[in-house]
Amino acid sequence: MNKTLKKIEQFHGHLGPYAVIGYRMGLIANKKLGSDPFIKKAVMWTGNTPPISCIIDGVQISSGCTYGKGNISVKNKGIAKAEFSNDNGKHLEIILKTEIRKEIDTNVNKKNMIDYSEKMFEKSDEELFKIL
Numbered sequence: 000m001n002k003t004l005k006k007i008e009q010f011h012g013h014l015g016p017y018a019v020i021g022y023r024m025g026l027i028a029n030k031k032l033g034s035d036p037f038i039k040k041a042v043m044w045t046g047n048t049p050p051i052s053c054i055i056d057g058v059q060i061s062s063g064c065t066y067g068k069g070n071i072s073v074k075n076k077g078i079a080k081a082e083f084s085n086d087n088g089k090h091l092e093i094i095l096k097t098e099i100r101k102e103i104d105t106n107v108n109k110k111n112m113i114d115y116s117e118k119m120f121e122k123s124d125e126e127l128f129k130i131l
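Per numbering that gives the first Met the number 0, residue 0 is the first one in the sequence shown, and the count goes up by one each step.
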């Protein structure tokens, strides 16, 4: 397992595909809006119910938007979606593709969770997300 996946596992408590998905969302936000976590805000549409809410931990690790800074909030919608904005007025929506969510929800179990997490980590942004 590579260093990044170990970092996700350490922060989140285990390695799961939704934490990896959130991590990837945060990386996209950093690329498009800048990496300074003090000028970004994140709104998560996942709610606080696992496993979909695990996306939140991944976003916190990679984007730097955290509960402690007060620049991340959660809407209880059960949607694998993150909205990011920055102080310069730029806005970004990242939505997990329906077929990827269906694949995770249908196929992931305790025995293959690490393999699926690694698989999600290796996919391209275009394979995983709709970016608006």
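Beta carbons are placed, not taken as given, at the ideal position from N, Cα and C, and that holds for glycine.
This structure is a prediction, so every number in the text was calculated from the model and none was measured.
Between K80 and the set I55, K109, K6, the nearest pair of CA atoms involves I55.
In the structure shown, the three-state DSSP call for T45 is strand. With fewer than 16 other beta carbons inside 10 angstroms of its own, Q9 counts as exposed. Annotation: the region 4-48 contains the following complete segments of the beta strand (DSSP E) (minimum length 3 residues), in chain order: 39-43. G15 counts as buried, since at least 16 other C-beta atoms from the protein chains shown sit within 10 angstroms of its C-beta.
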